[in-house]
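Going letter by letter, the sequence shown gives residues 3 to 275 in this note's numbering.
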Amino acid sequence: MHINDYQYLSLKYQSTEWITKVYRGVETMCTVEGLHFRSVYRARVKAHNQAGESQYSERICLQTSDFTWFHLDIHTSVPEILLTNGNRTVTSQLSEDRVILGSTGLSRGVHYWEFTVDRCDPGGQPAFGIARYDCNKEIMLGLDMKSWSIYFDYKRSWFLHNGEHFERTDGGIHAGSVVGIRLDCNRGSLSYYLNDQPHGPIAFTNLPNGIYYPAVSLTRAIQLTLHSGLEAPSESEESDEDSSGGGTGTETTSMATTVLTLPSTLQSKGLRQ
Numbered sequence: 003m004h005i006n007d008y009q010y011l012s013l014k015y016q017s018t019e020w021i022t023k024v025y026r027g028v029e030t031m032c033t034v035e036g037l038h039f040r041s042v043y044r045a046r047v048k049a050h051n052q053a054g055e056s057q058y059s060e061r062i063c064l065q066t067s068d069f070t071w072f073h074l075d076i077h078t079s080v081p082e083i084l085l086t087n088g089n090r091t092v093t094s095q096l097s098e099d100r101v102i103l104g105s106t107g108l109s110r111g112v113h114y115w116e117f118t119v120d121r122c123d124p125g126g127q128p129a130f131g132i133a134r135y136d137c138n139k140e141i142m143l144g145l146d147m148k149s150w151s152i153y154f155d156y157k158r159s160w161f162l163h164n165g166e167h168f169e170r171t172d173g174g175i176h177a178g179s180v181v182g183i184r185l186d187c188n189r190g191s192l193s194y195y196l197n198d199q200p201h202g203p204i205a206f207t208n209l210p211n212g213i214y215y216p217a218v219s220l221t222r223a224i225q226l227t228l229h230s231g232l233e234a235p236s237e238s239e240e241s242d243e244d245s246s247g248g249g250t251g252t253e254t255t256s257m258a259t260t261v262l263t264l265p266s267t268l269q270s271k272g273l274r275q
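Next up, the structure:
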């Protein structure tokens, strides 16, 4: 391809209009961000150089991941929060709670992820849940109006939102415990699991529409490891709702990668020299 050659990639989702110029450049492979999970997109390619533009190629289909893959985003927290293990294991150097968010915002569908408690020293009270991107990250998750959480000690747990504690439930955490978080954006609900069992009733219902980020808060007494890309369990039998489950979803920052190829019409237009 000559120095003045480049290609356009356009995408279409369901019945929406074509999204033009998702990519422009000389590379034959690119990463497209901001797509929905478990979705099919149609793509087409057009080439351009000094001789003119080609026709669009035949449409191809792109299938995005079925499940919600993400890691923890160091840019959403303070320098004293430390990430290792591919940004999945988190520790803190502070005695005060600090929040860190996941790398993917969730807006619809059903999502599930887990944290393994690697270390829980006396006094540790980690909080697990969801938050808006602009939540207060210098307090425990759930203390402000832009975050929703459950927090544990070694004996019990509480739900927490906007500073209100409620639904104390027996069953605490220790090293080796696994906390599961199930977010149903379609129904606007958030529920929890402890060691693969439903933990308490549905924590929050009627969540407002919008983008939610997986979130956790912790102190230096705690070390956690994130596990994403998991299939969502069906709704808790203790709940008063029913859900189809299944790890579907959408987000603001999922990725799909496609290989761009020059359409055969380029030869007839003389765009390859």
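Here a beta-carbon is modelled for each residue, glycine too, at the ideal position from N, C-alpha and C. Since the structure is predicted, the reported quantities are computational estimates derived from the model, not experimental observations.
Using a Cβ-Cβ distance cut-off of 8 Å, determine whether residue i contacts chain B.
i, result
"Ser94", "Annotation note: the requested chain B is absent from the structure, which comprises a single protein chain."
Using alpha carbons as the reference points, say which of the options lies closest to residue i.
i, options, result
"Asp123", "Ala177, Leu209, Asn87", "Ala177"
"Asn89", "Glu82, Pro81, Gly104", "Gly104"
"Gly144", "Leu74, His163, Asp136", "His163"
"Tyr214", "Leu185, Ser159, Glu166", "Leu185"
"Ser94", "Gln127, Cys63, Gly111", "Gln127"
Taking the C-alpha atoms as reference points, what is the distance between residue i and residue j?
i, j, result
"Asn188", "Leu108", "11 Å"
"Ser79", "Arg222", "14 Å"
"Cys137", "Pro210", "15 Å"
"Trp150", "Gly131", "6 Å"
"Leu84", "Met147", "26 Å"
"Asp198", "Lys48", "49 Å"
"Gly212", "Gly111", "12 Å"
"Arg61", "Ile76", "38 Å"
"Gly27", "Glu233", "36 Å"
"Asn87", "Cys63", "33 Å"
"Tyr153", "Met31", "44 Å"
"Ser159", "His167", "10 Å"
Under 8 Å, do residue i and residue j count as touching if we go by C-beta distance?
i, j, result
"Met142", "Ala129", "yes"
"Val92", "Ser179", "no"
"Gly231", "Thr70", "yes"
"Tyr156", "Ile175", "yes"
"Ile183", "Pro235", "no"
"Asp99", "Leu220", "yes"
"Phe72", "Thr106", "yes"
"Glu169", "Pro200", "no"
"Arg46", "Ser59", "yes"
"Val181", "Ile102", "no"
"Leu96", "Glu82", "yes"
Output the residue ranges of the beta strand (DSSP E) runs that lie fully inside the segment 135 to 182 and measure 3 residues or longer, sorted by chain position. 149 to 154, 158 to 163, 166 to 172
Touching by the beta-carbon criterion (3+ pairs, under 8 Å), the segment 190 to 199 and the segment 49 to 61: no
Restricting to runs no shorter than 4 residues, where is the alpha helix (DSSP H) found entirely within the segment 185 to 219? none
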